[in-house]
Structure formats: structure tokens, C-alpha cells
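Chains as they are written, first to last, in numbering that gives the first Met the number 0: chain A, 0 to 424; chain B, 0 to 424.
Yeah, the Cβ is synthetic: ideal placement off N, Cα and C, and Gly gets one too.
All of these numbers come straight from a predicted model, not from anything done at the bench.
A short worksheet on the structure shown next.
2 protein chains.
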Amino acid sequence: MTPRPRAVVVVTGSELVRGERTDRNGPFLAAEALSHGLEPARITIVGDTPAELEAAFREGLGADACLVSGGLGPTHDDRTVELLARAAGVELVVDEALEQEIESISRAVAERLQRPYADFAPGVTKQATRPVTALSIGLAGTAPGLVFRAPTGCVVVVLPGPPSELRRLWPNALVSEPMRELLARTRPPGRHVLRLFGVSESAVARALEEAGGDGGGVEATICAREFEIHVDLLVEPGAEERGDALEAELVERLGPWLFAHDERRVEELVLSLAAACGLSLATAESCTGGMVAARLTGVPGSSASFVGGVVAYADDVKRSELGVPEELLAEHGAVSAEVAAAMADGVRRRLGTDLAVAVTGVAGPDGGTAEKPVGRVHLHASGPDGSLARMLDLPGEREQIRVRAAVTSLHLLRALLLGSRDEDT
Amino acid sequence: MTPRPRAVVVVTGSELVRGERTDRNGPFLAAEALSHGLEPARITIVGDTPAELEAAFREGLGADACLVSGGLGPTHDDRTVELLARAAGVELVVDEALEQEIESISRAVAERLQRPYADFAPGVTKQATRPVTALSIGLAGTAPGLVFRAPTGCVVVVLPGPPSELRRLWPNALVSEPMRELLARTRPPGRHVLRLFGVSESAVARALEEAGGDGGGVEATICAREFEIHVDLLVEPGAEERGDALEAELVERLGPWLFAHDERRVEELVLSLAAACGLSLATAESCTGGMVAARLTGVPGSSASFVGGVVAYADDVKRSELGVPEELLAEHGAVSAEVAAAMADGVRRRLGTDLAVAVTGVAGPDGGTAEKPVGRVHLHASGPDGSLARMLDLPGEREQIRVRAAVTSLHLLRALLLGSRDEDT
Chain A
0 MTPRPRAVVV VTGSELVRGE RTDRNGPFLA AEALSHGLEP ARITIVGDTP AELEAAFREG
60 LGADACLVSG GLGPTHDDRT VELLARAAGV ELVVDEALEQ EIESISRAVA ERLQRPYADF
120 APGVTKQATR PVTALSIGLA GTAPGLVFRA PTGCVVVVLP GPPSELRRLW PNALVSEPMR
180 ELLARTRPPG RHVLRLFGVS ESAVARALEE AGGDGGGVEA TICAREFEIH VDLLVEPGAE
240 ERGDALEAEL VERLGPWLFA HDERRVEELV LSLAAACGLS LATAESCTGG MVAARLTGVP
300 GSSASFVGGV VAYADDVKRS ELGVPEELLA EHGAVSAEVA AAMADGVRRR LGTDLAVAVT
360 GVAGPDGGTA EKPVGRVHLH ASGPDGSLAR MLDLPGEREQ IRVRAAVTSL HLLRALLLGS
420 RDEDT
Chain B
0 MTPRPRAVVV VTGSELVRGE RTDRNGPFLA AEALSHGLEP ARITIVGDTP AELEAAFREG
60 LGADACLVSG GLGPTHDDRT VELLARAAGV ELVVDEALEQ EIESISRAVA ERLQRPYADF
120 APGVTKQATR PVTALSIGLA GTAPGLVFRA PTGCVVVVLP GPPSELRRLW PNALVSEPMR
180 ELLARTRPPG RHVLRLFGVS ESAVARALEE AGGDGGGVEA TICAREFEIH VDLLVEPGAE
240 ERGDALEAEL VERLGPWLFA HDERRVEELV LSLAAACGLS LATAESCTGG MVAARLTGVP
300 GSSASFVGGV VAYADDVKRS ELGVPEELLA EHGAVSAEVA AAMADGVRRR LGTDLAVAVT
360 GVAGPDGGTA EKPVGRVHLH ASGPDGSLAR MLDLPGEREQ IRVRAAVTSL HLLRALLLGS
420 RDEDT
């Protein structure tokens, strides 16, 4: 097996290297590189100090592909193009066609802002300046994305910093001649995806071990995310049999906890199951305060099944909007299996839906007691063919507890939907 | 001004360098380093390939401080300690006290999992192995955090990968002898924070320019986040006057859009204003589907003012739960100023609160029309002393539109609260 060509991602931005903002471009470019058969060897995040930038670019130019994000603005401290050219030892030229393109945009902006174009002219020339061997792959605002092959042979892709703009120009980089030549040498790996819920990361690691582990052209990564365990098998061309065999072994060992073979999130699965069963859905939330509804409505087309929800944060609202009996609250307290059940049934009745899920718990940091500590959550999913209840004692801080309660409530809905569908068929 | 000691952060993890998961440790460690007077020069994310790891560590050891995250597990592919020692040219030893500590934990785990301790023994010895000059700063599970000074003089801090564990052990690193010695040479910078809403990033950049720009011991970063503009001024010891002057200039120019001098999020400001005014609060959401309520309830103690909310995704729910008149929906449609107002008044009435905010809009990707395109959002905040309404045409995709609508609705609430409070006083 020939090794994958090596790709280095260089992300520029002072606010990123100082941790004031979390980078989103590095992970995107790395995942893209991997899916096209390159090996993402490193993501380097660096500020706009010339020495640091140039050093990072020099390292990047030692790879087969160097994917750069940011530093393309019109001002003097946007130095990506200048320092890349210096690091690569290539000349800079002002691209006249590009300059005209950028000028016409800048003149429009100047007019809109009622400022003299002269203010913009230096920036226009600066942004139209490119390595002599580079070609523009399109503008983000007035900043051109660039692709060129460095004397080292490294294919350099320069993209704007704003994530949406970067993602918009990336496909143009992929079809550029230098990239096409590089990717002609690669064979994109196959990928098996296993999504698990309700099993520990270490149990999954043990199952992988017992299944013979990875290697032989198959690489496994296991990562825990929001209470789920995500297993990815990366399969080299030629190792498909081994990959399929390993996946089958894992499915056999982990079947009960497997909820997806693709990257769809649990809320998508819940919504497509509900739609498939022709069932409508509502939520009643206390400690998650709308997170479950927010995740469901994050899915395009969710209105086909999701009708609405009630955030019953105060007990009065649990009574008035969800019809939770006063006695129940008095006897068992708001954080109890009984109240969770009453909330679910209440929202179903009130919104007239087939299905509902309810969440009530102690998210902390305050409000915990010896009997009901911070992290105690009661979930209740109820539908036409029955209901499922669950009590959790979640570790972590307020936000973790809320997220995990929301994720678990969606998995509870999924389990209920699968149950009810099995009985239908 | 002597330059700040240089810090390099090295984050290890195959799932991170492949973009399967977004790193949270790099930004945390970089921000911490900066706040203690170090200059975060670079964040490097690498996988577990020995050659890539060792190269990254070698670069890190060239700095004054090298902060490393991850790769401390018991298995063979957790190579951080081994490769750091090799890169630094220091010997490894098995720390017997540490080994006993880890063994006792592992024996308990073995018992709980009903597996022979022999399975764990090699991992225990591996995790108790440290550079001869290193000292343990505490365990995360069975993984010790380590601090040592490399022959290069670089202070190396090794921390576990799980963010919560890393954050728990970090303070121990700060008070370790090698770190204390390094930090004795630093003078933590001052920091001015300006949080703005309703103004463009370029207008803020222009204001900074007109205010004389940064430099002279003051560094400014401007970044747009969720529709807000965050301005940070980093002030070198000795440049306080310049820093104060620049901040005053910016406040004068940007005052109308300034909403905070600290890092509190707008939902925190809304809740503390509501509490200060003794007003209760509810939400009525359509296209944001619970995001506004979820952000409000993310704040500890939010129950003091936030009572609850209704996610009225379907028009039936707008009618039945919020009392939006059928005629209004028929005449103006669900996405209209009239319906937004009716939703806000409806939820105030239903939940009996003093204040409410309502959001209705077209989040897309479908559902847009020529008259009401994707991104059209109507907001309405209503309270005892009046109400504020706003129409938005938001760019971007579904999630961006929803987030921006949620953030803007919180700012609308804040504006209403400031208005009503001004009238009270």
C-alpha cells in the first residue's frame, strides 16, 4: 500500500491562536483532505506575527498539499499571500484582470458607504497581488482564493477565513489543475461508520480489540461525543474485505447499542421514524429548557412531524400548561418519574400529538439535595403503543448535564418509535 | 517592553487532526497562557503517528513553554510521554509511587469489570513511566498530568485529553515549580473587553483606525461572533494609559452599540436586568424552536426570572396555546409582525409573565417565497412599559439564521428592559 500524500492545514488568525475564537476551518479542511485520499498530518493554528506565519508556511510547503485559511484581507496585517510567496521563494505579481474585478466591487462598496474610492485603492492592489504561478479560484468579497504549485512540488491552496466563504470556494480548489493532478495519485479510502448509544468507550475499545483490532489497511477511531460513541473505520483501497469483516464483527458484538450506520444525528432518525409511522411529536422540557425542541427543529423539514413544545421551567407552568396535578408535584416533587410522565402525557393532550417526550431534572450548580443530587434527571417518552421512562444520574456540569439529558431523551424517543413500529408490522 | 515568553500548544489525537472532532483544549490553553503573560505562538494539532508527533514536540520544545494535551492512555498508541522524552533527550523512569497509586485504581476497575488485573498491569506500568525530571501534578483516571523542564529550558506541561480533566489539572500545572519560575518572568497583560451589537465588523475596524489604531503596547482584536462584534484590547504593563485612552475613544465612537464591558453573554444580561427590575420572563418561538429558551435556561439561576416558554412550531399551536387569532394568521401569515406581536402577548397572558419575546420566521432551506424569502424573521418583545418589534432578513443557512434570530431576540429583550428601567428611575 502506498502511503497517502501528506496534507498540512495552516489556519491563520490572532483571535484563533489566542483562543478567543474556536477554529472551524481546520477540521473541515482536514476531513475533506482525508475523504479525497490525502493524509491530514497536522493542523497548525498561527497568529499574524510574520516570523511565526512564515515558519508555519515553510513547514506546510514540505507536505504534498498545504491548505491555508485566512489572512487575505485588504489591510497590512493580512500577510498570508506575501509570506507564503516568500516561504515558497516565488515572485509576486499584480494580476490586472483580478485587480479590475476587485476594483469594480470596491467601487460599489465605496459608493454604498459614501467614502472616496481612494481609501480602497491600496487594498485593491494588495488583494490583486498573487504568486506569479497562482490562479484565482474565485472571490470571497474582495479576497481571491488562490491555488499554485510551489517549487517544492507542494500544492498550495489559499482560502478566505470566514468558514462559509471557505466552504464555498473549496470545491473550486478541488477541480483546479494542480489539485486534480495531485488527487489523480490518490485513492480515496472507504469508510464505515458505527454510531452507538448506551455503551462505554472502553467497552467499545475492548470489542474492537476482541474483533482483532484495526491494522491491515483498516484504521479505527473511537470517540465519545455527547454521550454517544462514534466509531469510524477508514478502509484503504484493497482492504475492503478486512474492513467489511471488522465491521461485521463489531456489529455482532455491539449490535444492541448500534443506532446508525451513517452520520445522521439522533434527532434526524427520530423525525424520519415518526414520519415513517405517520406520528406527530411534541416536547415538554424543564431542565433542558428547550434544547430538545431546538435540536428537533434544527432538522430541515422537521415540521412534518414536530408540532411544538412547552418549556415548563416553573412548576406553575407544569400545572397550568401541562396539567400536572398539584398533588403529584407536592408528593413526588418536580424532579420525579411521576411528574415526567404527567408532563409527557400533558403535552400530548394539549398539543394533540401522537408522541411526546418529557425531561425534568436538576441541572445544577444549585438545587441539588441528598435525595435528588445535581445530575438527577427523569425522562419519559410516551406514544400510542406505550411509553418508556428512564432515570439518569449524570456527571459533569450544568451544560453537560443538559446536553446529555437532551441527547438521551431523543434516544428514548427513538427506542419508543422502534418499539411501536415493530408492533405495527 | 520585553517580549512575552513564547508558548506553543500541542494537541494530540487522530480524531482531531482528521477533523472528526473539534479541539477544545488548544483554545483553552492558549487563552490561559495569554492571561498569564505568555504569548501563544502556535496551536499544533497532530495525530498519533510517531514521526508527526515527535516533529511537533521538537518544535514545541523550542518555545519557553510547551503545553501538551492527550495521548496519556494505557495503550501502545498513546505515545505522548515516550516521544516527548525522546524529542527532549531525557530518560524515562518508572515512578514507583505513581505506579502504586495507579495500580490501586486499576485494581478497583478490574474488580468492577470482573476482569483479571493482569490485563491492566502493563498499562499501569506504562502510565507510571515519566521523564526522569518530571513530576506528577495529579491523575485523570489513571493518567498522570506531568510537568518538567527540558534541557532546552522549555517548561513542558503534559495534560490529559478529556477537556474537563485537562481543565481540572491545569491549575496544578500553574503552581508547579517550573511553571512558577517561568511565570515569575512574565507580567500578565491588562485586558479591555468591548461587546457590541448592531454594528458591522468593518465599521468597528474603521472606528479603531480613527481612534488611532492599536500599537504602543496595546493590541486590538476584532471578531464577529453570532452577529455580535467582540473587541479585545490587550494592554502591556506600562501601556495602561494608552489602553484606557483607546478604550475611551472606542466607547465614544461605538457607544450606541456597546452592550457589555465584560464577557457575560446577552442572555445573562437579560436575566440580571429582569431580576433587577423584578420582572418575570417567557418566550414564544416558532423558527428558533426553543433556542431562545435554551440559552436563557443555560444561565445558572435563570429560574429567578424565566418562567417558561411555548415552542409554537405548527400554526395550530400558535392558535391553541398562544391564542393567536385565526384571522391574523389567515390575513398576514405566520411570518408577520402581527403574528409575532400576538405570540408575545399570548405567551405573556398564558404564563402570566411581565415580559415576553416572540420569534417567527423562515429558517429555510424550504418555505421561502418571493414575498417572504428564507431568512425573513419577525421579532417582538413586549413588557409592562411597551414593546419593541423588529424585522430581519438574515443571510446564511438554516442554523445561522436560527442562531442570529435567537441572539437578536435576546438583544431586543435587553433593549426593552433598559427602556423600561429608564422610565422607572
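Can you tell which of B/Arg263, B/Ala29, B/Ala380, B/Thr128 has the C-alpha that lies nearest to the C-alpha of B/Leu417? B/Ala380
How big is the Cα-Cα spacing for A/Glu38 and A/Leu321? 53 Å
List, in chain order, every chain A residue whose beta-carbon is nearer than 8 Å to that of B/Thr220. Ser13, Glu14, Arg17, Glu19
If you measure from the beta carbon of A/Ala381 to each beta carbon in chain B, is any gap under 8 Å? Sequence inspection shows Ser at residue 381 of chain A; the Ala mentioned does not correspond to that position. Output row for A/Ser381: interface = no.
Considering only residues of the region 163 to 208 of chain B, which uninterrupted beta strand (DSSP E) runs meet the minimum length of 3 residues and lie entirely inside it, listed in chain order? 189 to 196
Span separating the alpha-carbon of B/Met342 from that of A/Ala96: 53 Å
Is the separation between the beta-carbon of A/Arg413 and that of A/Phe226 shorter than 8 Å? no
Own chain, CB closer than 8 Å to A/Glu246, minus 5 neighbours either side, in chain order: His191, Leu193, Leu232
Can a CB atom of chain A be found closer than 8 Å to the CB of B/Thr43? yes
Is the beta carbon of A/Thr141 less than 8 Å from the beta carbon of A/Ile101? yes
Please return the same chain residues whose Cβ sits closer than 6 Å to the Cβ of B/Leu295, not counting the five positions on each side in sequence. Glu266, Ser301, Phe305
Do you know how far the Cα of B/Asp63 is from the Cα of B/Arg347? 58 Å
How many whole angstroms separate the CB atoms of A/Ile44 and A/Leu15, which I take to be in contact at a CB cut-off of 8 Å? 5 Å
Please compile the residues from chain B whose C-beta is within a distance smaller than 9 Å of the C-beta of A/Pro299. Ala362, Gly363, Pro364, Asp365, Arg397
Terminal residues of the alpha helix (DSSP H) in which B/Gly59 lies: 49 to 60
Using a cut-off of 9 Å between C-beta atoms, extract the partners of B/Ala231 located in chain A. Ala is not the amino acid found at residue 231 of chain B; the sequence shown has Asp there. Those within 9 Å of B/Asp231 in chain A are Glu14, Arg17, Glu19.
Tell me whether the region 71 to 87 of chain B and the region 122 to 136 of chain B touch, counting them as touching only if at least three CB pairs, one residue from each stretch, are closer than 8 Å. yes
For A/Glu90 and A/Pro130, what's the separation of their Cα atoms in angstroms? 6 Å
Where do the N-terminal and C-terminal ends of the alpha helix (DSSP H) with B/Val131 fall, by residue? Note, B/Val131: premise wrong, no alpha helix (DSSP H); not H, not E.
Could you have a look at A/Asp421 and say whether DSSP puts it in helix, strand or coil? Annotation note: pLDDT 42 at A/Asp421 (below 50); position unreliable, coordinate value reported separately. Helix at A/Asp421.
Suppose contacts are defined by Cβ-Cβ distances below 8 Å. Is B/Ala30 in contact with A/Gly332 by that definition? no
Is it true that the region 356 to 365 of chain A meets the region 279 to 293 of chain A, where meeting means three or more beta-carbon pairs spaced less than 8 Å apart? yes
State the Cα-Cα distance for the pair A/Asp421 and A/Asp315, rounded to the nearest angstrom. Residue placement at A/Asp421 is flagged as unreliable, the pLDDT there being 42, under the threshold of 50; the coordinate-derived value follows with that caveat. Each residue's alpha carbon lies about 38 Å from the other.
On the premise that A/Gly395 lies in contact with B/Ala293, defined as a C-beta separation below 8 Å, what is that separation, rounded to the nearest angstrom? Contact flag wrong, Cβ pair sits at about 17 Å.
On the CB-based measure, 16 or more other CB atoms within 10 Å of its CB, does B/Arg349 come out buried or exposed? buried
Residues near A/Thr424 by beta carbon distance below 6 Å, same chain, minus five either side: The pLDDT assigned to A/Thr424 is 35, lower than 50, so where the model puts this residue is not dependable; a value taken from the coordinates is nonetheless given after this. Taken in chain order, the list of residues that qualify is empty.
Strand pairing of A/Thr359, partner residues [DSSP]: A/His377
Own chain, CB closer than 6 Å to B/Arg219, minus 5 neighbours either side, in chain order: Before going on, a small fix: residue 219 of chain B reads as Ala here, not Arg. If we look at B/Ala219 and ignore the five residues flanking it on each side, its Cβ neighbours are Leu207, Asp213, Leu232.
By the criterion of Cβ-Cβ separation under 8 Å, what are the contact partners of A/Leu295 in chain B? Gly288
Considering only the alpha carbon of each residue, which of B/Trp169, B/Pro150, B/Ser163 lies closest to B/Gly144? B/Trp169
In chain B, which residues lie less than 9 Å from A/Phe27 when you measure between Cβ atoms? Gly18
Could you compute how far the alpha carbon of B/Leu195 sits from the alpha carbon of B/Leu409? 13 Å
So, do the region 371 to 380 of chain A and the region 388 to 407 of chain A have three or more beta carbon pairs nearer to each other than 8 Å? yes
Paired residues, beta bridge with B/Val93 - DSSP: B/Thr128
Whether B/Leu66 touches B/Leu112 by CB criterion (8 Å): no
Can you give me the Cβ contacts of A/Arg5 inside the same chain, cut-off strictly under 7 Å, excluding the 5 residues immediately before and after it? Glu38, Ala40, Ala62, Asp63
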